[in-house]
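A quick write-up on the structure given underneath.
Protein chains: 4
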Amino acid sequence: MTEIAELTAAVREFSRERDWEQFQDPKSLVLALVGEVGELAELFQWVPADEAVDRFAVPDRRARAGEEMADVLVYLVRLADVLGVDLGAAARAKLADSHRRFPSADVRGVAPHKP
Amino acid sequence: MTEIAELTAAVREFSRERDWEQFQDPKSLVLALVGEVGELAELFQWVPADEAVDRFAVPDRRARAGEEMADVLVYLVRLADVLGVDLGAAARAKLADSHRRFPSADVRGVAPHKP
Amino acid sequence: MTEIAELTAAVREFSRERDWEQFQDPKSLVLALVGEVGELAELFQWVPADEAVDRFAVPDRRARAGEEMADVLVYLVRLADVLGVDLGAAARAKLADSHRRFPSADVRGVAPHKP
Amino acid sequence: MTEIAELTAAVREFSRERDWEQFQDPKSLVLALVGEVGELAELFQWVPADEAVDRFAVPDRRARAGEEMADVLVYLVRLADVLGVDLGAAARAKLADSHRRFPSADVRGVAPHKP
Numbered sequence: 016m017t018e019i020a021e022l023t024a025a026v027r028e029f030s031r032e033r034d035w036e037q038f039q040d041p042k043s044l045v046l047a048l049v050g051e052v053g054e055l056a057e058l059f060q061w062v063p064a065d066e067a068v069d070r071f072a073v074p075d076r077r078a079r080a081g082e083e084m085a086d087v088l089v090y091l092v093r094l095a096d097v098l099g100v101d102l103g104a105a106a107r108a109k110l111a112d113s114h115r116r117f118p119s120a121d122v123r124g125v126a127p128h129k130p
Numbered sequence: 016m017t018e019i020a021e022l023t024a025a026v027r028e029f030s031r032e033r034d035w036e037q038f039q040d041p042k043s044l045v046l047a048l049v050g051e052v053g054e055l056a057e058l059f060q061w062v063p064a065d066e067a068v069d070r071f072a073v074p075d076r077r078a079r080a081g082e083e084m085a086d087v088l089v090y091l092v093r094l095a096d097v098l099g100v101d102l103g104a105a106a107r108a109k110l111a112d113s114h115r116r117f118p119s120a121d122v123r124g125v126a127p128h129k130p
Numbered sequence: 016m017t018e019i020a021e022l023t024a025a026v027r028e029f030s031r032e033r034d035w036e037q038f039q040d041p042k043s044l045v046l047a048l049v050g051e052v053g054e055l056a057e058l059f060q061w062v063p064a065d066e067a068v069d070r071f072a073v074p075d076r077r078a079r080a081g082e083e084m085a086d087v088l089v090y091l092v093r094l095a096d097v098l099g100v101d102l103g104a105a106a107r108a109k110l111a112d113s114h115r116r117f118p119s120a121d122v123r124g125v126a127p128h129k130p
Numbered sequence: 016m017t018e019i020a021e022l023t024a025a026v027r028e029f030s031r032e033r034d035w036e037q038f039q040d041p042k043s044l045v046l047a048l049v050g051e052v053g054e055l056a057e058l059f060q061w062v063p064a065d066e067a068v069d070r071f072a073v074p075d076r077r078a079r080a081g082e083e084m085a086d087v088l089v090y091l092v093r094l095a096d097v098l099g100v101d102l103g104a105a106a107r108a109k110l111a112d113s114h115r116r117f118p119s120a121d122v123r124g125v126a127p128h129k130p
């Protein structure tokens, strides 16, 4: 089982054990994801853009950012599971598609739209 | 290499080949993540909550949702990479912490705050 | 002076008195807005969709929702001010445009895309 | 009638004429707000932080930013209306509260948490 599938199974089991599946319809999960993205945004909002990497190199702050990103990922895999989406495969397909849409030679030096 | 580490490496290489790393400071990546979460939210906004799972069982809509979730994941792994965060490990640590904070017997039947 | 212009002036003065204008570049303000939208989303995430209005009719919860919406509005008017956008005029122009794009007779009974 | 109350009444009437009120429960409106915030974020994501004000001084880009901010405001006033929240009063109360929590002399030179 791949890492994302394992995480998905673990989050599903965690939800099932607590009878939380009843609350986890897609709209609720998207709102929960938005809440976590909001907490992530708050960590960075007043940090000067060119100092952000250095400031978050401090172990406590890096760990804090990691926790918020983990929250985002947990809700994302839960949403994918509820919708029957294979998230890992979708990400690989998206990246393959980006390779087609943005051939590396053509876009060098051009501002990105999507990594 | 784990699945998330492989995806992280692939997104990093994709960014490097296009000289896009210069644009991918943490604040910019959080904004890009927000943009993708917004597109995900738009898919669900007017769908009745109790019909969302069924409506997204249609292959085209499921694929569309998968693409938006993939975009969120791609920016999330890129942000984690820029910050030196091990996202897979952070997610597992978070889930272990949730097990401690929400023992399954105590909370059964209680509305969830965090899965 | 209109209500939105008054609010804009009050927020600007508040920021100026605290020397906070230096932190309030557009990207930072959008991230701050995202943080507040996240807090608003958290209030609603696990509430059943068809019970949300009733549950938030309780004065304490309504007040709490009002505070989060106020935070969103405060950052929105601050962002508009920093960008030189007349937010009230923009909203009226948008609504006029929506009247043109969605004539009421044609769309009756059809799912909305944008109010 | 104040400006925000007028805008609220206009958006309510617009929704009523199209029978869209049935779709505009609070969770759906928060998701719609998130969608618009996402579009706003996309405008700024790859712009260097210290160039954002200048780049958006160009009339077309300023107008575009104004439209996205207008969309956010329209959904915000609609949500407030559905919840029975007086948004203008809430914003003024919030600002008065911020004056109490952040007396201007004490915080001068200190990084802001909330404007």
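Taken in order, these protein sequences are the chains called A, B, C and D. Using my numbering, you'd call the opening residue of the first sequence number 16 and step up by one each time. Using my numbering, you'd call the opening residue of the second sequence number 16 and step up by one each time. Using my numbering, you'd call the opening residue of the third sequence number 16 and step up by one each time. Using my numbering, you'd call the opening residue of the fourth sequence number 16 and step up by one each time. Positions of the beta carbon are idealized from the N, C-alpha and C atoms, including for glycine.
Secondary structure note for C/A106: its alpha helix (DSSP H) is the uninterrupted segment 102-116.
When CB distances to chain C are screened at a threshold of 7 Å, the residues of the region 49-65 of chain B falling below it are V49, W61, A64, in chain order. Not flagged as an interface residue toward chain D: A/L44, since no C-beta distance is shorter than 8 Å. Within its own chain, the residues whose Cβ lies closer than 7 Å to the Cβ of C/V97, once the five positions on either side in sequence are excluded, are Q39, P41, L44, listed in chain order. 8 Å or more divides the Cβ of A/L102 from the Cβ of A/V89. With a threshold of 16 other beta carbon atoms within 10 Å, B/A72 falls short and is exposed.
Closer than 8 Å to the CB of D/A85 there is not a single CB belonging to chain B.
Inclusion of D/V100 and C/G81 in the CB contact set at 8 Å is warranted, their separation being smaller than that value.
Contact between the region 25-33 of chain D and the region 108-122 of chain D is absent: fewer than three C-beta pairs spanning the two stretches fall below 8 Å.
Among the residues facing chain C, A/F71 is not included, as its CB has no counterpart in that chain under 8 Å away. Nearest neighbour of A/L55 by Cα position, chosen from A/E21, A/L94, A/D86, turns out to be A/D86.
Between the C-alpha atoms of B/R107 and C/R107 there is a straight-line separation of about 48 Å. The Cβ atoms of A/Q60 and C/L46 sit closer than 8 Å to each other. Your pair C/V52 and D/V49 checks out as a contact, with CB atoms roughly 6 Å apart and the cut at 8 Å.
Excluding residues up to 5 positions away in sequence, L58 lie with their Cβ nearer than 8 Å to the Cβ of C/R79 in the same chain.
Close partners of A/A47 in chain C (Cβ separation under 7 Å): Q60. Assigned with DSSP and collapsed to three states, B/R33 falls in coil, not helix or strand. For D/R115, the number of other beta carbons within 10 angstroms of its own is below 16, and it is reported as exposed. The C-beta distance from B/T17 to B/A95 rounds to 13 Å, too long to fall under 8 Å, and the pair is not in contact. Taking C-alpha positions only, D/I19 is separated from C/E32 by approximately 26 Å. For D/D75, not one C-beta of chain C is nearer than 8 Å to its own C-beta. Check the Cα spacing between D/K109 and each of C/D75, C/R76, C/D34, C/E83: the tightest is with C/E83. Collapsing the DSSP output to three states places A/D75 in a helix.
Straight through space, the alpha carbons of B/A104 and B/A111 are spaced by roughly 11 Å. Excluding five sequence positions before and after A/R76, the CB atoms of its chain that fall closer than 8 Å to its own CB belong to L58, R70, given in chain order. Here the alpha carbon of C/E21 sits roughly 15 Å from the alpha carbon of D/E21. Against chain D, the beta carbon of B/F38 has neighbours under 8 Å at W61, listed in chain order. Cα atoms of C/D34 and C/P74: separation of roughly 35 Å, rounded to the nearest angstrom. Taking a Cβ-Cβ threshold of 7 Å, the residues of chain B close to A/T17 are E18, in chain order. A Cβ of chain A is located within less than 8 Å of the beta carbon of B/A80. In the three-state DSSP reduction, B/G99 falls in the coil class, being neither helix nor strand. Near chain B, meaning a CB-to-CB distance below 9 Å, the residues of the region 96-117 of chain A are V97, L98, G99, V100, D101, L102, G103, A104, A105, A106, R107, A108, K109, L110, D112, S113, H114, F117.
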